[in-house]
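Just so we're aligned: 77 in this note's numbering is position 68 of the sequence shown, and the numbers increase by one with no gaps anywhere.
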Amino acid sequence: MTDYTASEIMTVVAARALRDDDVCFVGIGAPSGAANLARLTHAPNVTLIYESGTIGTRPNVLPLSIGDGELCETARTTVSVPEMFRYWLQGGRITLGFLGGAQIDRFGNLNTTVIGDYDRPKVRLPGGGGAPEIATHCGRVLIIMAQSERSFVERLDFVTSLGHGEGGEHRRQMGLHTQGPTQVFTDLCVMEPDPESRELVVTALHPGVTREAVTERTGWPARFAEALSETPAPSAHELATLRDLQERTRRAHGEAA
């Protein structure tokens, strides 16, 4: 038996991808949890930015939204949203974007807009917010999502945020010179784009996870790297820090957390 949940190892492994010198544009939810875990463990100097304009924020609890006062109160500074996007993001000053989504395809494109037909959707989702701009203008992009056939799909119902488009050089042909998605972290594995096709390839499995389990929960024929590795299990320090952060958040926000 493991002493951690699938959600916890997903968060821990994703957090490890952040570097101490990163300037990271953080999405609410799972990306925020992983980014703040990194800040509280191995990357204390990481600069976290949320799209409400908070720069260098160090929240004590995880925010419920980009408008959470905790972000502004603990930030080094807060700028206007137009300045955030035009000067900081589009000016190439942000090294890393950290996103989640409702659907992802084999090339790392994301959908956070609708499930089903756009005009008659089964589900109307929150929408893109700043994610489309984050996906195209940050130096590189990390994605964190729980894995299932409903979320890892052959074809998106709507492309909200561009990953590697149709694969290959499509992203560069569209005039984008940032890297796009470099890693996808799930509750089963880690995926990275193939250097040529840009299709997502499973490069590491979490402890105890089989290839068959990944295949069953992937909506396209899953590809596995020849040198497939196993992700190191969460350390006691990583788990204690994550659980403490989540407990503080529950106490602060109650059921809304």
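All C-beta atoms in this analysis are idealised placements derived from N, C-alpha and C, irrespective of residue type, glycine included.
Keep in mind the model is a prediction, meaning the values are calculated, not measured.
Opening and closing residue of the beta strand (DSSP E) in which residue i lies
i: Val223; result: Segment 220-225 is the alpha helix (DSSP H) holding Val223; no beta strand (DSSP E) there.
i: Val22; result: Counting along the chain, Val22 falls outside any beta strand (DSSP E), though it belongs to the alpha helix (DSSP H) covering 15-24.
Three-state class that DSSP yields for residue i in the structure shown
i: Ile37; result: coil
i: Glu201; result: strand
i: Thr212; result: strand
i: Ala234; result: strand
i: Leu151; result: strand
i: Glu142; result: helix
N-terminal and C-terminal residue of the alpha helix (DSSP H) that residue i is part of
i: Leu254; result: 245-262
i: Pro190; result: Per DSSP, Pro190 belongs to no alpha helix (DSSP H); it is in the beta strand (DSSP E), 190-194.
i: Arg28; result: That residue, Arg28, is in no alpha helix (DSSP H); it is neither H nor E in DSSP.
i: Ala182; result: It should be pointed out that residue 182 corresponds to Gln in this sequence rather than to Ala. First-last of the alpha helix (DSSP H) with Gln182: 179-182.
DSSP beta-bridge partners of residue i
i: Glu277; result: Absent from the structure is residue 277, since the part of the chain shown begins at 10 and ends at 266.
i: Ser170; result: Leu119
Review point. Does the segment 159-178 come close enough to the segment 112-119 that 3 or more CB-CB pairs lie under 8 Å?
Key: yes
Point to revise | Three or more C-beta pairs below 8 Å linking the segment 84-101 and the segment 53-71 | key: yes
**Study point:** Length at least 4, wholly inside the segment 50-136: the alpha helix (DSSP H) runs in chain order
**Key:** 78-82
Review point. Pairing CB atoms from the segment 189-198 with CB atoms from the segment 209-217, are three or more of them under 8 Å?
Key: yes
Review point. So, do the segment 217-230 and the segment 31-51 have three or more beta carbon pairs nearer to each other than 8 Å?
Key: no
Point to revise | Contact the segment 93-106 vs the segment 74-85: 3+ CB pairs below 8 Å | key: no
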